[in-house]
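J.: With the sequence shown counted from 1, adding 1 to any position gets you my numbering.
The C-beta atom is built at its ideal place from N, Cα and C for all residues, glycine as well.
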Amino acid sequence: MASEQAIVYGIFKEEIKNRFLCLVTVGFSDVVCYIPSSCRLSNFLDLTGRRVMLVPTASKKARTQYSVYAVEYRHRLIPLNLALANRVIENQIRSRRFAFLGKRGDVLREHFADGYKADLYIENTKTILEIKSILSFDREAVFPTVYSERGVKQLEKLLKLIDKGYKVAYIFIALNPQTKAVQLNHEIVEYARLFSACIQKGMHCHAYAVRLTKDNTLEIKKEIVVEI
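1. Quick check on N125: buried or exposed, where buried means 16 or more other Cβ atoms within 10 Å of its Cβ?
2. Measuring straight from C-alpha to C-alpha, what distance separates L159 and G50?
3. On the DSSP bridge assignment, give the partners of S134 in chain order.
4. Out of I189, E91, D107, F101, point me to the one whose CA is closest to G152's CA.
5. Have a look at the DSSP bridge pairing and note the partners of R77.
6. For a minimum of 4 consecutive residues, which ranges assigned as the alpha helix (DSSP H) are wholly contained in the stretch 50 to 128?
7. Measuring alpha carbon to alpha carbon, tell me which residue in I129, V72, H207 is nearest V9.
8. Check each candidate in E15, L185, S30 and name the one with the smallest Cα separation from R41.
9. Cβ-heavy atom distance between F113 and the ligand ZN below 7 Å?
10. Using a Cβ-Cβ cut-off of 7 Å (strictly less than) and excluding sequence neighbours within five positions of P57, which residues of its own chain qualify?
11. Please tell me whether F144 and L185 are closer than 8 Å, where the distance is taken between their beta carbons.
12. Which residues does DSSP list as the beta-bridge partners of Y35?
13. Below 8 Å between beta carbons: does that hold for L136 and L130?
14. Can you list, in chain order, the residues of its chain whose CB lies under 6 Å from that of V227, leaving out five sequence neighbours each side?
15. Can you round the beta-carbon distance between I174 and K133 to whole angstroms, since I take them to be within the 8 Å contact cut?
16. Return yes when the Cβ of L219 is within less than 8 Å of the Cβ of V89, no when it is not.
17. Look up V143 in the DSSP assignment and give the residues it is bridged to.
18. So what's K165 in DSSP terms, helix, strand or just coil?
19. Could you pull out every residue in the same chain whose Cβ sits closer than 8 Å to the Cβ of A193, ignoring the five residues on either side in sequence?
20. Rounded to whole angstroms, what is the Cα-Cα separation between I12 and Y35?
21. What are the boundary residues of the alpha helix (DSSP H) that A7 is part of?
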């Protein structure tokens, strides 16, 4: 994370055609900034007119000077990098709160298990961890917010892997620390059906709200409710 001296704040203006880029007004100028997310953030949040935290991009060869790191909401900062969810679980997976996973000896990142790319994989117990980030200003967040063919296919594969003897843990990470619950979106029928089928076959499902610390790193705040 960048030093406090390097952090800049601006007002979010809009996402532009390239899904990794946006315009942020810094001072009196519109600045093109990098968004570290493969999904368009407008699928989850309307950031227009909101104050955002910018940090310098890590690479000197980067196309932009700044990367959008977080949005200010109700005097708190919500991180916007969806990949941070994987890191916070990986960093804290051996803590007591994850005791339901059993032994957590060899934890591998982005490991292929029978052709399925797991966010995290516990090798000694054949446990696949699928981690989903949630961006929402609501106290009760809905997931998924939009239909995702990739999300449906993932559940289809997980259902088959459970039958093959793999354990599966589906973990939601609410990036807004004020989120109290995650509700499964039953309007996306195929996703909800497959999710329920996986639960019936033994898939674990947990959700956690995270927060930024004073040094702008991420930590788990608490476990929250999952309404299936």
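T.: Result, derived from the coordinates:
1. Residue numbering aside, residue 125 sits at position 124 when the sequence shown is read from its first letter. It counts as exposed.
2. Position 158 of the sequence shown holds residue 159. Position 49 of the sequence shown holds residue 50. Computed Cα separation, rounded: 40 Å.
3. Taking the first residue of the sequence shown as position 1, residue 134 is located at position 133. Beta-bridge pairing links S134 to I174.
4. Here residue 152 refers to the residue found at position 151 of the sequence shown. The alpha carbon of G152 has as its nearest neighbour, out of I189, E91, D107, F101, the alpha carbon of I189.
5. Residue numbering aside, residue 77 sits at position 76 when the sequence shown is read from its first letter. In the DSSP secondary-structure assignment, R77 is bridged to Y74.
6. If we require 4 residues or more, the alpha helix (DSSP H) runs fully inside the stretch 50 to 128 come out as 85 to 93.
7. The count along the sequence shown starts at 1 and reaches residue 9 at position 8. Cα-wise, what sits closest to V9 is V72.
8. The count along the sequence shown starts at 1 and reaches residue 41 at position 40. Comparing Cα positions, the closest option is E15.
9. Looking for the ligand ZN in the displayed structure turns up nothing, as the structure carries no ligands at all.
10. Within the sequence shown, the letter at position 56 stands for residue 57. Contacts found: A3, A7, Q66, Y67.
11. For this step, residue 144 is matched to residue 143 along the sequence shown. For this step, residue 185 is matched to residue 184 along the sequence shown. When the beta-carbon positions are compared, F144 and L185 come within less than 8 Å of each other.
12. As a position in the sequence shown, residue 35 is number 34, starting the count at 1. For Y35, DSSP records a beta bridge to L22, S68.
13. Position 135 of the sequence shown, counted from the first residue, corresponds to residue 136. Position 129 of the sequence shown, counted from the first residue, corresponds to residue 130. Cβ distance not < 8 Å, so L136 and L130 don't count as in contact.
14. Taking the first residue of the sequence shown as position 1, residue 227 is located at position 226. V183, C206, A208.
15. Position 173 of the sequence shown holds residue 174. Position 132 of the sequence shown holds residue 133. That belief holds up - the Cβ atoms of I174 and K133 are roughly 7 Å apart, short of 8 Å.
16. Residue 89 sits at position 88 when you count from the first residue of the sequence shown. Residue 219 sits at position 218 when you count from the first residue of the sequence shown. Their beta carbons are under 8 Å apart, which means V89 touches L219 by this criterion.
17. Residue numbering aside, residue 143 sits at position 142 when the sequence shown is read from its first letter. Paired residue(s): Q184.
18. Residue mapping note: residue 165 aligns to position 164 of the sequence shown, counting from 1. In this structure, K165 counts as coil in the three-state DSSP scheme.
19. The residue labelled residue 193 in the question sits at position 192 within the sequence shown. Cβ neighbours of A193 beyond the five flanking positions: L185, N186, H187.
20. As a working mapping, residue 12 is identified with position 11 in the sequence shown. As a working mapping, residue 35 is identified with position 34 in the sequence shown. I12 and Y35: Cα-Cα distance of roughly 14 Å.
21. On the sequence shown, position 6 is the one that residue 7 refers to. It is not in any alpha helix (DSSP H) - A7 carries neither H nor E in the DSSP assignment.
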